[in-house]
Amino acid sequence: MLPVDEIRLNFNPASLVILNVVLGFLMFGIALDTRLADFKRVARMPGAMAVGIAAQFIVLPAVTFVLTLLLKPGPSIALGMLLVACCPPGNVSNILTHRAKGNVALSVSMTAISNALAIVLMPLNFAWWGSMHPTAAPLLRSISLDPLEMTGHIVAIIGVPFVLGIACAEKLPRFTARVRKPARVLSFICLIAFILGAVAGNWRYFLDYVGLVLLAVALHDALAFGTGYLCARLSGLSDYDRRAVSIEVGIRNAGLGLVMIFGFFGGLGGMAVVAGVWGFWDIIAGLALASWWGRRPPVVPVSAQTP
Numbered sequence: 456m457l458p459v460d461e462i463r464l465n466f467n468p469a470s471l472v473i474l475n476v477v478l479g480f481l482m483f484g485i486a487l488d489t490r491l492a493d494f495k496r497v498a499r500m501p502g503a504m505a506v507g508i509a510a511q512f513i514v515l516p517a518v519t520f521v522l523t524l525l526l527k528p529g530p531s532i533a534l535g536m537l538l539v540a541c542c543p544p545g546n547v548s549n550i551l552t553h554r555a556k557g558n559v560a561l562s563v564s565m566t567a568i569s570n571a572l573a574i575v576l577m578p579l580n581f582a583w584w585g586s587m588h589p590t591a592a593p594l595l596r597s598i599s600l601d602p603l604e605m606t607g608h609i610v611a612i613i614g615v616p617f618v619l620g621i622a623c624a625e626k627l628p629r630f631t632a633r634v635r636k637p638a639r640v641l642s643f644i645c646l647i648a649f650i651l652g653a654v655a656g657n658w659r660y661f662l663d664y665v666g667l668v669l670l671a672v673a674l675h676d677a678l679a680f681g682t683g684y685l686c687a688r689l690s691g692l693s694d695y696d697r698r699a700v701s702i703e704v705g706i707r708n709a710g711l712g713l714v715m716i717f718g719f720f721g722g723l724g725g726m727a728v729v730a731g732v733w734g735f736w737d738i739i740a741g742l743a744l745a746s747w748w749g750r751r752p753p754v755v756p757v758s759a760q761t762p
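The opening residue of the sequence shown carries number 456 in the numbering used here; numbering runs sequentially from there.
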């Protein structure tokens, strides 16, 4: 069995084009649930928003970096963990926050702001932490990653669909109301189908190497949810807000990670296996946490209660 850092997962270039389209459609669906008012709402809860954004783009990558130093996984596995940590959340976080009886308005606003910021921060964050990693940095240099090229790719598959979706939601509210739910469900199903396809097409590799990443992914995911919750708690946010922040930080868009891995890293083994396993584990763990919280109603602040 080859070392995980030496394998490259097989992926049809035509399938990568399809994935880009699917991910763009997914971002369009997220934007259909977004209004300009969501960005304006930030002014009414700047503290909670600042905590959530900082937890996602500063604390989580730092925690992930430390975790890779402690676990000492292979360089490509470490890069995969760092890339996932730098990804923005997906709209499944809004669904899980609702199930957890958390602050859905905060969750939606955080998803919108985080995806907008990720266009620039994701490639810069990944390049920063990856270049400092003692074992992963040489591998990253051998790939010759260009953060500007990665940013351009993210603009195309996140930025453009996101702007178009918001414009559609603002200018065509009746059309948006009819297609919003079907678009969200269809894009989510397509993304899961793609992850399944990527796993099935490289089943032998996943069977050979999943044992190397499963513990790392489980610990990483638990730390991601815990990071969001702890940051929110230390900042004095209510339980109602803490649930939203925890889920927003815990849920990462592994589909976007796979696009980057196949598009810029040639399907690098450890990275692809991490993102593939994360895509399933994250949803399972998030659903379990949201269901547990859903049976324990939070104390809702007076300012958030409906008159």
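For glycine and all other residues, C-beta sits at the position ideal for the given N, C-alpha and C. Since we're looking at a predicted model, the values are computed, not measured.
Closest by C-alpha distance to residue i, when choosing among the options
{"i": "Phe520", "options": "Ile508, Ala533, Ile706, Thr606", "result": "Ala533"}
{"i": "Phe512", "options": "Pro544, Leu491, Ile716, Leu669", "result": "Pro544"}
{"i": "Leu478", "options": "Gly722, Ala745, Leu713", "result": "Leu713"}
{"i": "Leu742", "options": "Ile716, Ile702, Gly718, Gly721", "result": "Ile702"}
{"i": "Gly705", "options": "Asn475, Leu579, Arg688, Gly507", "result": "Gly507"}
{"i": "Ile568", "options": "Arg688, Met726, Val476, Asp488", "result": "Asp488"}
{"i": "Ala673", "options": "Arg499, Leu524, Ala740", "result": "Ala740"}
{"i": "Val575", "options": "Met565, Cys541, Leu551", "result": "Cys541"}
{"i": "Pro637", "options": "Val476, Gly484, Val472, Met500", "result": "Gly484"}
{"i": "Gly666", "options": "Ala632, Gly725, Trp747, Leu619", "result": "Gly725"}
{"i": "Pro528", "options": "Thr590, Gly607, Ala486", "result": "Thr590"}
{"i": "Leu765", "options": "Phe735, Trp748, Arg499, His608", "result": "Residue coverage of the chain in this structure runs from 456 to 762, which leaves residue 765 outside it and unanswerable."}
{"i": "Arg490", "options": "Phe617, Arg554, Pro578", "result": "Phe617"}
{"i": "Pro602", "options": "Ile613, Gly614, Asn580", "result": "Asn580"}
{"i": "Leu437", "options": "Leu526, Ala517, Asn549, Met504", "result": "Since the first residue of the chain shown is 456 and the last is 762, residue 437 is not available in this structure."}
{"i": "Ser586", "options": "Leu692, Leu526, Ser531, Met482", "result": "Ser531"}
{"i": "Ala687", "options": "Leu524, Met715, Met500", "result": "Met500"}
{"i": "Ile609", "options": "Leu711, Leu481, Arg707", "result": "Leu711"}
{"i": "Trp584", "options": "Val476, Ala555, Leu538, Asn475", "result": "Leu538"}
{"i": "Asp737", "options": "Leu524, Val472, Asn475, Val547", "result": "Val547"}
{"i": "Leu744", "options": "Ile613, Phe630, Arg554, Ala498", "result": "Arg554"}
{"i": "Phe480", "options": "Leu692, Leu551, Ile612, Met577", "result": "Ile612"}
{"i": "Ala517", "options": "Val472, Ile716, His588, Ser564", "result": "His588"}
{"i": "Ala677", "options": "Leu692, Asn549, Arg707, Asn475", "result": "Arg707"}
{"i": "Pro578", "options": "Ser564, Ser746, Met715", "result": "Met715"}
{"i": "Trp747", "options": "Pro628, Thr552, Ile644, Gly691", "result": "Thr552"}
{"i": "Val640", "options": "Leu522, Ser690, Met482, His675", "result": "Met482"}
{"i": "Leu515", "options": "Arg635, Ala648, Leu474, His675", "result": "His675"}
{"i": "Met766", "options": "Ile647, Leu651, Leu474, Ala486", "result": "Outside the modelled stretch of the chain, which goes from 456 to 762, sits residue 766, for which no answer is possible."}
{"i": "Leu474", "options": "Ile647, Ala671, Ser690, Arg629", "result": "Ile647"}
{"i": "Ala671", "options": "Thr631, Leu526, Leu689, Ala510", "result": "Leu526"}
Extent of the continuous alpha helix (DSSP H) run through residue i
{"i": "Arg596", "result": "591-598"}
{"i": "Ala534", "result": "Here the sequence assigns Leu to residue 534, which means Ala is not the residue at that position. 530-541 is the extent of the alpha helix (DSSP H) around Leu534."}
{"i": "Leu524", "result": "515-526"}
{"i": "Lys626", "result": "615-626"}
{"i": "Pro602", "result": "602-609"}
{"i": "Ile508", "result": "501-509"}
{"i": "His553", "result": "547-554"}
{"i": "Ala498", "result": "First-last for Ala498: undefined, no H or E at that position."}
{"i": "Ser564", "result": "559-587"}
Beta carbon proximity, residue i to chain D, threshold 8 angstroms
{"i": "Ala611", "result": "Absent from the structure is chain D; it holds one protein chain and no more."}
Open item on the list: Taking 8 angstroms as the cut-off, does the stretch 746-753 touch the stretch 684-703 (at least 3 CB pairs, one atom from each stretch)?
Closed with: Contact annotation: the stretch 684-703 touches the stretch 746-753, with at least three C-beta pairs closer than 8 angstroms.
- [ ] Could you tell me whether the stretch 624-631 touches the stretch 726-743, where touching means 3 or more Cβ pairs closer than 8 angstroms?
- [x] Counting C-beta pairs closer than 8 angstroms gives fewer than three between the stretch 624-631 and the stretch 726-743, which falls short of the contact rule.
Task: Contained alpha helix (DSSP H) runs [length at least 4] in the stretch 696-721, N- to C-terminal order - done: Fully enclosed alpha helix (DSSP H) runs of no fewer than 4 residues occupy 709-719 of the stretch 696-721, in order along the chain.
- [ ] Count the C-beta pairs between the stretch 583-595 and the stretch 556-571 that are closer than 8 angstroms, then say yes if the count reaches three, no if not.
- [x] Counting Cβ pairs under 8 angstroms, fewer than three are found: no touch.
TODO: Pair every Cβ in the stretch 713-726 with every Cβ in the stretch 677-686, then say whether three or more of these pairs are closer than 8 angstroms.
DONE: At 8 angstroms Cβ cutoff, the stretches do not touch.
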